[in-house]
Amino acid sequence: MYGASSVDLLERAEAVARSLGREREGAGFLFSRWTAHVQGLDLERSCFLADRLLEQGSASPDLVVRGYGDAAWGIQQWHLGRIGASFRHLTATASHGPSDDRSPDQVRDGLRLLTAAMLAEISAYHGKSAEARRLLDTLVAGAGDDAYATTVATCMATRVASVVGDPEWALRAADRGIAADPHFSFGFLGTYLRLGRWWALAMCGHDPGAAADNAERLIVANLTNPVRSCVSTWYALLAQMRLAAGSPGAAAVALDQADSFRDRYGQRSADGLLLLVRAQLAETIAGPDAAVRLAERARAVARRQEAYLFVQRADRFLADRAGRELGVQ
4 MYGASSVDLL ERAEAVARSL GREREGAGFL FSRWTAHVQG LDLERSCFLA DRLLEQGSAS
64 PDLVVRGYGD AAWGIQQWHL GRIGASFRHL TATASHGPSD DRSPDQVRDG LRLLTAAMLA
124 EISAYHGKSA EARRLLDTLV AGAGDDAYAT TVATCMATRV ASVVGDPEWA LRAADRGIAA
184 DPHFSFGFLG TYLRLGRWWA LAMCGHDPGA AADNAERLIV ANLTNPVRSC VSTWYALLAQ
244 MRLAAGSPGA AAVALDQADS FRDRYGQRSA DGLLLLVRAQ LAETIAGPDA AVRLAERARA
304 VARRQEAYLF VQRADRFLAD RAGRELGVQ
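One point on numbering: in my numbering, the residue at position 263 of the sequence shown is 266, and numbering is uninterrupted.
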């Protein structure tokens with residue numbers, strides 16, 4: 004991650020590169036600035052930079068410059084909760100982005116990996132979990148012994164598995180990623196790997212209370228000070244862990260934190276998940292009617308965002324509750 008001084012240096016470096024006619028390098032510095040702002044949930048600033056990148060890329064014959072613009076704009080839309088727009092843009096541009104040129108280029112290869120991994124994650128949010136898993140499996144296999152590539156691919160696989168609700172997949176992906184970077188050298192990516200591992204252990208019944216405690220400490224240390232992308236998502240997943248540990252009061256606190264960070268910083272990619280976990284909590288403390296109302300609300304919000312993963316999960320939640328009622332009758 005970048006500090007404020009680093010972002011200032013990137014801005015100056017971009018200006019120098021452009022003054023020298025080095026378009027690709029200038030775009031790279033701008034992309035790094037966008038990355039710093041979006042990962043820090045400064046979404047107002049990152050929106051402006053994503054628009055600049057897209058405008059510059061659209062006018063450039065350089066595939067890497069175009070790739071920067073397409074990746075930034077598409078990922079930005081996901082952060083804003085515009086899942087359908089994000090998926091359509093990244094899918095449409097994937098065929099003419101930097102992946103066309105297979106000659107060695109470290110910058111382009113890094114951009115290709117990031118874009119493919121994020122497209123997989125966004126595809127899962129858009130309801131295409133099977134396709135996302137196939138792409139992520141391909142990225143993990145293709146990473147080989149490259150620690151960074153393995154960390155990127157397994158990080159995204161862990162994040163996807165967690166929101167899909169597949170703890171076994173999350174645990175396998177996290178363990179592989181952590182083995183590739185046991186010293187936590189890639190702190191931003193490694194945080195999600197370790198959080199996903201704690202979530203998976205809790206959901207599999209392996210001392211969920213201790214797993215939740217460890218996850219909460221990591222969230223506070225690495226995602227809140229300063230704030231980082233997906234903090235609200237991980238507070239919602241922490242609430243699931245607290246529920247698995249039989250602690251609905253602590254789950255409610257975690258969900259309040261999720262709502263607070265979402266409302267303050269504006270990342271809305273997981274709105275449906277937050278409501279679904281509230282439905283799970285309501286089932287525990289308020290009864291089935293309240294749970295059903297929240298699940299229906301989650302489904303409506305997710306459908307509006309085209310986050311069909313959470314529509315599917317809400318449908319399963321509601322079908323399960325309906326089945327239970329029929330069984331009681």
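Yeah, the Cβ is synthetic: ideal placement off N, Cα and C, and Gly gets one too. Nothing here was measured: the structure is a model prediction, and the numbers come from that model.
Put simply, the backbone Cα of F313 is about 15 angstroms away from that of Q243. Bridge partners of V230 according to DSSP: T227. In the DSSP annotation of this structure, the continuous segment of the alpha helix (DSSP H) that includes G72 starts and ends at L66 to H82.
Nearest to F90 by alpha-carbon distance, out of E28, R324, A120 and G208, is A120. DSSP, read as helix, strand or coil, puts P211 in helix.
The shortest CA-to-CA distance from R300 to any of R265, G290 and L321 is the one to L321.
Taking the CA atoms as reference points, A183 sits about 11 angstroms from V143. The count of Cβ pairs closer than 8 angstroms, one atom from the stretch 71-85 and one from the stretch 43-57, reaches three, so the stretches are in contact.
Minimum Cα-Cα distance from V167 among the listed residues S132, R200, L138 and I181 corresponds to S132.
In this structure A289 does not touch R324 by the C-beta definition: roughly 13 angstroms separates them, more than the 8 angstroms allowed. Take H92, set aside five residues on each side of it, and the residues of its chain with a beta-carbon closer than 6 angstroms to its own are G77, in chain order. For S165 and T94, the gap between their C-alpha atoms comes out near 23 angstroms. L192 has its alpha-carbon roughly 15 angstroms from the corresponding atom of A146. In chain order, P170, A173 and L174 place their CB closer than 6 angstroms to the CB of A203, counting only its own chain and leaving out the 5 sequence neighbours on each side. For H40, the enclosing alpha helix (DSSP H) begins and ends at E26 to Q42. Straight-line measurement puts the Cα of D259 at about 15 angstroms from the Cα of S250.
Collapsing the DSSP output to three states places Q59 in a helix.
L139 sits away from A152, with the two beta carbons spaced by 8 angstroms or more. One thing to note: N217 has its Cβ within 8 angstroms of the Cβ of W201.
Contact annotation, G275 with V304: C-beta distance approximately 6 angstroms; criterion of less than 8 angstroms satisfied. In the DSSP assignment, E134 falls within the alpha helix (DSSP H) that extends over S132 to A146. In its chain, beyond the 5 residues on either side, A239 and A261 have a beta carbon closer than 6 angstroms to the beta carbon of L277. Judged by DSSP in its simplified three-state form, D318 adopts helix. A distance below 7 angstroms between beta-carbons, with the five flanking residues on each side excluded, links V10 to the following residues of its chain, in chain order: R36 and A39. Excluding five sequence positions before and after L284, the CB atoms of its chain that fall closer than 8 angstroms to its own CB belong to A242, L246, P251, A254, A255 and L258, given in chain order. For F191, the enclosing alpha helix (DSSP H) has its first and last residue at G190 to M206. Secondary structure note for R302: its alpha helix (DSSP H) is the uninterrupted segment P291 to Q308.
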